[in-house]
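Numbering (the working numbering), first residue to last: 5 to 124. Where is the CB? At the ideal position from N, CA and C, for every residue including glycine.
So, in structure tokens, the structure goes:
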């Protein structure tokens, strides 16, 4: 069961990491999310989540972050990409339910995986 945990080395933690990702990363747009990603030198994927105050109050923002973290935690075994990933919630994300969040994040990550596999 430890493979399903979300450890510290699987997170983007420093603002320097977020800035480098924003500056040099590729973007993928979904209806309610923007995904910025780039390859890293780590052994695994690292996830960062950005939800601005435009999305809603702290309860709504934390709910979205919790759902995204949970989806990533449960499905990280399927992602063998070695990427830094930042998922940014758009203002419209405040109105969608957890199933739709999972679907959109899934579509984003699968398309990123497909585009990376084509390059190799």
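If you run the structure through DSSP and keep just helix, strand and coil, what is residue i?
i: residue 84; result: coil
i: residue 3; result: The structure shown does not extend to residue 3, since the chain spans only 5 to 124, so no value can be given for it.
i: residue 103; result: helix
Taking the alpha helix (DSSP H) that residue i belongs to, which residues open and close that run?
i: residue 72; result: 62–79
In the DSSP assignment, the beta strand (DSSP E) including residue i goes from what residue to what residue?
i: residue 39; result: 37–43
i: residue 55; result: 50–55
My assumption, with CB atoms under 8 Å, is that residue i sits in contact with residue j. Please give the rounded CB distance.
i: residue 55; j: residue 93; result: 4 Å
i: residue 87; j: residue 43; result: 6 Å
Between residue i and chain D, is any beta-carbon pair separated by less than 8 Å?
i: residue 104; result: Looking at the structure shown, chain D is missing, and only one protein chain is on hand.
Margin query: Whether or not the region 21–31 and the region 64–80 are in contact is what I'm after, with contact meaning three or more pairs of Cβ atoms, one per stretch, closer than 8 Å; do they touch?
Written below: no
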